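Notes for the one structure printed next.
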Amino acid sequence: MAAANGRVRAACVAARIGVAARIGAAARIGAAARIGVAARTGVAARTGVAAHIGAAAALAAAFAAALAAPALAQRTPSVFGVDAPQLARLGPYAVGVETIELVDRAQVDVLSYDKATRTAPKRDRALTVDIWYPAHAGAHAPRVLYTGHFPSLPPAPPARYTVPGIAVRNAAFEGGGYPLVVVSHGYSNEPAAMTWITENLASKGYVVAAIHHDDPPITDQAAFPEPVLRRPLDIAFVTATLQRSLAAKHWIDPARTALLGYSMGGYGVLTAAGGILDPDGALAKGVPGGLLLPYARGGALANALKVKSLRAIVAIAPFGGDPFDAWGRDGLAAITAPLLLIAGDQDQTVGYLHAARAMFDQATGSHRYLLTFKQGGHNVGLNPIPAAMRGNLWNQDWFQDQVWSKERMNAINAHFITAFLDLFVKGDRSRAAYLNVRVAESSQGVWPAGHHDAYDAYSPDRGDITVWKGFQRRHAIGLELLQAEPAAR
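Residues are numbered in my numbering as their position in the sequence shown, beginning at 1, plus a constant of 1.
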């Protein structure tokens with residue numbers, strides 16, 4: 002992530018926050034420890050194939066698998082493999098997707114702030130929103146192919162990619178009264194890079210709305226203040242608008258709303274969930290003209306950011322910790338909805354100890370969880386790397402993790418996000434067992450010999466089996482899950 006940190010460093014300097022290096026590279030996220038084709042095919046060649054059909058056939062199989070590498074790389078992100086934890090698998094619903102346009106009227110344009118007059122013009126802010134939902138979709142209906150692009154290392158043009166999906170565009174809606182989940186992507190990201198969770202949740206009976214924040218390129222050194230100001234405002238506006246409009250269509254129950262954000266989006270959802278911005282923090286002070294200060298503690302518009310009827314928050318590798326001090330020491334204590342934080346303890350973009358780990362300690366008003374990927378970095382929130390993004394390290398580093406397989410990361414995240422939202426948004430108490438693990442360090446779980454379970458059985462996490470519930474034996478490795486109840490008030 003050296004390139005990502007460099008581009009963030011430039012963004013921070015431009016924002017005059019002077020701390021640099023670890024921020025909006027929130028965009029530089031995604032992940033997958035490179036599972037090269039050789040790793041996949043070599044194993045196959047050295048096992049059953051070689052044993053049964055000889056060295057020549059094994060070599061041919063490895064070569065054929067190598068040729069198939071792009072297809073493997075383009076596997077549908079929302080559909081996980083046989084090693085995925087129990088709740089990661091798709092739900093019972095077919096999935097539809099539609100795209101709508103919303104307009105937030107007369108919004109301050111922070112990038113047009115005039116130092117001489119100390120004013121910023123107001124403009125209508127157009128926001129595109131992709132909405133995934135349970136649908137009637139025939140088995141042979143064409144599935145969507147998402148397209149997207151991320152900023153490349155200048156002067157190269159944006160890097161474009163495609164992602165296969167399970168959704169059918171504009172399919173007929175099925176059912177009604179579902180929970181609403183609003184998703185906010187990272188800096189210079191877009192919803193097409195987070196379909197691993199948007200499609201997956203829709204198949205389980207959620208209406209999922211992902212905002213196109215249309216950030217300036219992370220390579221634009223002066224543009225950092227825009228996502229800082231706009232993220233929580235966009236989230237609050239889109240959520241309130243959809244709570245009204247989708248409820249009127251009987252698609253959702255607006256009283257069951259959740260927020261999910263990654264990196265800069267994590268900062269956005271924590272703020273929109275009630276985290277009180279610190280007017281004395283480096284983040285608030287770094288926005289030109291003090292344009293963020295009215296929304297900070299004691300400001301006239303401080304309550305304008307808060308989402309109503311909020312049942313749960315998921316913040317993945319959230320930006321906003323030290324040295325930016327978005328909420329100070331006490332601002333996150335104002336959050337009362339249950340919170341799931343997800344992070345890698347080697348995050349070199351937004352940090353870990355002074356970011357997600359500190360946020361877990363500071364959000365004392367919330368029933369909260371912290372899922373940590375040991376040796377994981379910042380790239381925990383995007384799809385596996387699209388085939389078109391391979392071959393260039395800058396482009397690849399938007400998605401790759403340096404240690405973990407991204408398919409594995411996404412499956413684990415989908416498992417815990419499903420358990421968390423089902424418990425706190427849908428009220429399914431049976432999901433608590435997946436979160437109330439008996440050993441915080443997953444590697445310390447045991448599955449003693451003598452249990453005649455199938456090889457791929459899921460752990461029940463009871464009796465003398467302490468492997469995390471829903472994980473297969475030997476597959477709950479390298480994770481930590483902490484939990485804390487809200488402090489007495």
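Think of the CB as a built atom: it goes at the ideal place given N, C-alpha and C, for glycine as much as any other residue.
Model, not experiment: these values are computed from the prediction.
Residue environment analysis places Gly-382 among the buried positions, since at least 16 neighbouring C-beta atoms fall within 10 angstroms of its C-beta. Only residues of its own chain outside the window of five on either side were considered, and among them Gly-345, Asp-346, Gln-347, Val-404, Trp-405 and Gly-479 have a CB closer than 8 Å to the CB of Gln-376, listed in chain order. Within its own chain, the residues whose Cβ lies closer than 6 Å to the Cβ of Ala-85, once the five positions on either side in sequence are excluded, are Ala-412, listed in chain order. The beta strand (DSSP E) runs of length 3 or more contained entirely in the region 104–138 are, from start to end of the chain, 123–137. The beta carbons of Leu-88 and Val-182 sit about 15 Å from each other, so the pair does not count as a contact at 8 Å.
With fewer than 16 other beta carbons inside 10 angstroms of its own, His-452 counts as exposed.
Contact between the region 452–466 and the region 389–401 is absent, with fewer than three C-beta pairs closer than 8 Å. Non-local beta-carbon contacts of Lys-205 in its own chain, meaning distances under 6 Å to residues more than five positions away in sequence, involve Gly-92 in chain order. Across the structure, Val-440 and Trp-469 are spaced so that their CA atoms are roughly 8 Å apart. Closest option to Ala-334, judged by alpha-carbon separation, among Asp-105, Leu-422, Asp-279 and Pro-387: Asp-279. If you check the CB distance, Leu-306 and Ala-274 do not come in under 7 Å. By the C-beta criterion, the region 227–240 is judged not to be in contact with the region 160–175, since fewer than 3 inter-stretch pairs fall below 8 Å. Within the DSSP bridge table, the entry for His-150 names Arg-161 as partners.
Secondary structure at Arg-245: helix, using DSSP grouped into helix, strand and coil. In this structure, the straight-line span from the alpha carbon of Ala-256 to that of Val-239 is close to 15 Å. Tyr-188 sits in coil when the DSSP states are folded into three classes, being neither helix nor strand. In this structure, Ala-338 keeps its C-beta atom at 7 Å or more from the C-beta atom of Gly-282. Proximity of the region 105–115 to the region 181–198 falls short of the contact definition, fewer than three beta-carbon pairs being nearer than 8 Å.
For the options Leu-482, Pro-487, Asp-457 and Leu-483, the alpha carbon positioned closest to that of His-476 is the one of Asp-457. Between the region 153–161 and the region 120–132, the count of Cβ pairs shorter than 8 Å is below three; the stretches do not touch.
Under DSSP, Leu-482 takes part in a beta bridge, and its partners are Leu-372.
Only exposed fits Leu-354, as fewer than 16 other CB atoms lie within 10 angstroms of its CB. In the structure shown, Thr-100 adopts extended strand secondary structure according to DSSP, grouped into three states. For Thr-196, the enclosing alpha helix (DSSP H) begins and ends at 196–203. Taking a contact as a CB-CB distance under 8 Å, the pair Val-98 and Ala-157 does not count as one, their CB atoms being some 30 Å apart.
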